[in-house]
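Be aware that the first sequence starts at -7, since it is given in the working numbering, and climbs by one per residue.
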Amino acid sequence: MIKITLPDGSIREYEKGTTSLQVALSISEGLARNVLAAKINGEVWDATRPLNEDCNLTLLTWNDTDGKQTMWHSSAHLLAEALEALYPGVKLGIGPAIESGFYYDVDFGDKPITPEELPKIEAKMQELANKKSEYVRKEVSKADAIKYFTEKGDQYKLELIDGLPDGEITFYTQGNFTDLCRGPHMPNTGFVKAIKLMNIAGAYWRGNEKNKMLTRIYGITFPKDKELKEYLVLLEEAKKRDHRKLGKELELFHFSEKVGMGLPLWLPKGAALRERLIQFMQRAQIKSGYLPVATPHIALKDLYVCSGHYEKYGADSFQPIKTPRENEEFFLKPMNCPHHCEIYKASPKSYKDLPVRYAEFGTVYRYEQAGELHGLTRVRGFTQDDAHLFVRPDQVKEEFCKVIDLVLHVLNALDFKDYTAQISLRDKEDRSKYIGTEANWTLAEQAIIESAAEKGLRTVTEYGEAAFYGPKLDFMVKDAIGRKWQLGTIQVDYNLPERFELEYTGSDNQKHRPVMIHRAPFGSLERFIAVLIEHCGGNFPLWLTPDQIAILPISERFNDYAHEVLQLLNNYDIRGYVDDRDEKIGRKIRDNEMKKIPYMLIVGEKEVADRKVAVRKHGQGDVGIFSMEEFSDIIKNEIENDFKKGTVKEEVK
RNA sequence: GCCACUAUAGUUAAGUGAUAUAACAGUUGAUUCGUAAUCAUCAGUCACAAGUUUGAUUCUUGUUAGUGGCACCA
């Protein structure tokens, strides 16, 4: 007999070799019907796998993330089975579950499939699912595994087997399909009741661009048809928040083929938004002891040779601009840091001067490959809210923590709650791509890890994601359709001070090397605004929105009063416009609702007589009649509330 | 850059081997209006280039740009 501990703490005894599914059955038949997999001592197992020792057991259903993942992974196998049935001779790559659904990478040989064929594949999958074929796990020797796939002629699987140790290889079979797979899988294919193959894309085998490109088919499955429908509706809703769509509708920015791809043009309303964000950051930075600096858009090649950027990115940058006579080479600036190093060097520094914090809204240009451009999130010309802190080694952690505060101030002020801080460290094995000494890297990595822990950030650690010159802490936020983007970034750099031979005089009267911290709480303004648009669905916080109010005269007769109201409210720092088009009030309301204007002030006979305004709030409707002073208080309070959430400590120096 | 798909007016779309349709936006005029679309009027386009064809917006090829991925991201 073995003892099985259930999540509620109760312990039950079963015969050795009992499966999780049988355990479920002993609890309730309904539960057993819904069990997709089981978590055994924290590890996800097939529900049909025999249990031979005492263990903790959690049954997993569709309501558990791991349950969903199991079903989606099994669905990938179902897709593969359907593909083998419909397209004999296809070669299979890998087919994992992903955050929403699954994919399978397939080599169709010389006859690629088209999106029109997807419904046919879906139908086949459903047909196979309805057979309720069991997923059967089998441990195989490496030799047998190689034999099987050699006979099948699937070189991709053979390549995968090649990298696996003998004795740890398992096959899973359902129906007529057998795949190399670690598992786990759901008990049988019958759980799949709704299937949607989303799209087809190319993907390099094993993610290496030197390898062949396989066809990747993305799909998702559900245990109920209703859930699929809901999911598709959700996707539609998300598309409505796409910043590219809203940017057009709200007249924020524009791309022109004539100007060039990836080069955003900011329209007046978008520019107004940008300006507000810049002001917001400038205020916070002044409080935190930053010194504004400004640098040109081009610099001599030598600057980037010195910084190391030329060696690393020279070939993948916009190519140099040459002077006609001297033939000097200038590069468009891809970073602000080398310039700031030169500013640091412009005067001798004492240990008493540090930390020095140079801040610049610097516009930089990077040659991004055509295929990677995406709305405002990935562009070729963008503005960073960049700053470089030159600090003594003993100040690194304190300064790092202060920068985290600043980033949190930004995220709080804009109501971002769902973010993760990603700690990017060196690749564990390959260290050839990094420059700088082992000791400095270790110091920097430690500083980041400790600061993040001290600030209580929710972190994920990624090895191999560090910049070539140092580790970093990135704040990752999701867009409307779940794609993750890096916003704020903080990076420790021991390399540039070395390369630029930066120094300060210590209390010992000796020369010392400062440490540099790169930081950009927004990251790039372009990307930040893109994510912000999607985050708030175009309904910006009142302090930020380009137009806070629209004044709507009932008819032409009240236009003069409307303009007078605007003038008065301008004096209270409230901005907006008068909608004095020759339209009926219903029309004006509709149009301004669509433009997501936070407050509409309607003025007619009564309002003129009382010198008041009828206030209508976006998305809520009529909220009553107020005097200008009362209305200004409403606005002021709302803005204050937005800001109460974030705080920046005053810098005392 | 790679794989696949797309390109019709400012926007969103319909359609065709004989130069094309609608809605909204825009113009002009009427209307002077009380909380999500007043009526009428006018105007404007088949991304670009080459080819096939009596004839191409439609078919083919190329270019450019966009979309979904992959790879890349100082």
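Each residue gets a CB set at the ideal place from its N, CA and C atoms; glycine is no exception.
Range covered by the alpha helix (DSSP H) that runs through residue i
{"i": "Asp583", "result": "Ile577 to Met586"}
{"i": "Phe272", "result": "Pro260 to Lys279"}
{"i": "Tyr296", "result": "Lys293 to Ser299"}
{"i": "Lys144", "result": "Lys134 to Lys144"}
{"i": "Arg4", "result": "Where Arg4 is concerned, there is no enclosing alpha helix (DSSP H), although the beta strand (DSSP E) it sits in stretches over Ile3 to Tyr6."}
Residue closest to residue i, alpha-carbon to alpha-carbon, out of the options
{"i": "Gly34", "options": "Asn26, Asp58, Arg41 and Gly474", "result": "Asp58"}
{"i": "Pro647", "options": "Lys394, Ala68 and Gly101", "result": "Residue 647 cannot be examined here, being either before or after the span of the chain that is shown, -7 to 645."}
{"i": "Ser516", "options": "Gly373, Leu227 and Ser18", "result": "Gly373"}
{"i": "Tyr569", "options": "Ala542, Leu346 and Met63", "result": "Ala542"}
{"i": "Tyr305", "options": "Asn319, Lys325, Thr315 and Arg317", "result": "Lys325"}
{"i": "Val184", "options": "Val285, Cys329 and Trp54", "result": "Trp54"}
{"i": "Phe169", "options": "Leu51, Ile138, Leu238 and Pro80", "result": "Pro80"}
{"i": "Tyr553", "options": "Glu599, Pro590, Leu265 and Val607", "result": "Glu599"}
{"i": "Lys609", "options": "Cys173, Tyr127 and Ile594", "result": "Ile594"}
{"i": "Pro545", "options": "Ile482, Lys576, Thr537 and Leu224", "result": "Lys576"}
Beta-carbon proximity of residue i to residue j, cut-off 7 Å
{"i": "Ala445", "j": "Pro463", "result": "no"}
{"i": "Ala230", "j": "Ala472", "result": "yes"}
{"i": "His289", "j": "Ile525", "result": "no"}
{"i": "Ala307", "j": "Ala351", "result": "no"}
{"i": "Lys341", "j": "Tyr496", "result": "yes"}
{"i": "Gln376", "j": "Ala263", "result": "no"}
{"i": "Gly182", "j": "Lys116", "result": "no"}
{"i": "Leu368", "j": "Glu548", "result": "no"}
{"i": "Asp38", "j": "Arg208", "result": "no"}
{"i": "Val523", "j": "Val469", "result": "yes"}
{"i": "Arg129", "j": "Gly175", "result": "yes"}
{"i": "Gln414", "j": "Asp466", "result": "yes"}
{"i": "Tyr148", "j": "Gly199", "result": "no"}
Chain-order list of residues whose beta-carbon lies under 8 Å from that of residue i (same chain, five-residue window excluded)
{"i": "Glu219", "result": "Ala186"}
{"i": "Met253", "result": "Phe247, Ala362, Leu365 and Arg372"}
{"i": "Pro330", "result": "Ala291, Leu295, Tyr296, Cys298, Ser299, His301, Leu488 and Phe492"}
Backbone secondary structure at residue i - three-state DSSP
{"i": "Glu457", "result": "coil"}
{"i": "Thr639", "result": "Below a pLDDT of 50, predicted positions are generally treated as unreliable, and Thr639, at 44, falls in that range; the measurement from the model is reported next regardless. Note: Thr639 maps to coil in three-state DSSP."}
{"i": "Gly254", "result": "coil"}
{"i": "Phe310", "result": "coil"}
{"i": "Asn487", "result": "helix"}
{"i": "Leu534", "result": "coil"}
{"i": "Val644", "result": "Legend: pLDDT at Val644 = 34, less than 50; position of this residue unreliable, no value from coordinates given."}
{"i": "Leu381", "result": "strand"}
{"i": "His177", "result": "coil"}
{"i": "Gln478", "result": "strand"}
{"i": "Val98", "result": "strand"}
{"i": "Asp466", "result": "strand"}
{"i": "Pro284", "result": "strand"}
{"i": "Asn633", "result": "helix"}
{"i": "Phe247", "result": "coil"}
Extent of the continuous beta strand (DSSP E) run through residue i
{"i": "Asn191", "result": "Ala186 to Tyr196"}
{"i": "Ile(-6)", "result": "Ile(-6) to Thr(-3)"}
{"i": "Gln414", "result": "Tyr411 to Leu417"}
{"i": "Glu321", "result": "Glu321 to Leu324"}
{"i": "Val48", "result": "In the sequence on display, residue 48 carries Asn and not Val. Cys47 to Leu52 is the span of the beta strand (DSSP E), which, as asked, contains Asn48."}
{"i": "Met650", "result": "The structure shown does not extend to residue 650, since the chain is modelled only from -7 through 645, so no value can be given for it."}
{"i": "Asp422", "result": "Counting along the chain, Asp422 falls outside any beta strand (DSSP E), and DSSP gives it neither H nor E."}
{"i": "Asp345", "result": "No beta strand (DSSP E) holds Asp345; DSSP gives it neither H nor E."}
{"i": "Ser619", "result": "Gly613 to Ser619"}
Chain-order list of residues whose beta-carbon lies under 6 Å from that of residue i (same chain, five-residue window excluded)
{"i": "Gly677", "result": "The first residue shown for the chain is -7 and the last is 645, placing residue 677 beyond what the model contains."}
{"i": "Asp647", "result": "Absent from the structure is residue 647, since the part of the chain shown begins at -7 and ends at 645."}
{"i": "Lys641", "result": "Interpretation of Lys641 is limited by its pLDDT of 42, a score under 50 that renders its predicted location unreliable; no figure is taken from the coordinates."}
{"i": "Pro533", "result": "Asp634"}
{"i": "Tyr426", "result": "Arg418 and Phe460"}
{"i": "Gly239", "result": "Phe245"}
Sequence-distant residues of the same chain with beta carbon closer than 7 Å to residue i, five excluded per side
{"i": "Leu110", "result": "Leu189"}
{"i": "Glu643", "result": "Confidence in Glu643 is poor, its pLDDT being 38 and thus under 50, which makes the residue's placement unreliable; the coordinate value appears in the next sentence. Contacts found: Lys279, Ser280 and Gly281."}
{"i": "Glu391", "result": "Pro347, Leu381, Val383 and Ile509"}
{"i": "Leu120", "result": "Leu70, Glu73, Ala74, Gly167 and Thr181"}
{"i": "Glu7", "result": "Met(-7)"}
{"i": "Arg567", "result": "Asp539 and Gln540"}
{"i": "Lys420", "result": "Tyr455"}
{"i": "Glu76", "result": "Val82 and Phe169"}
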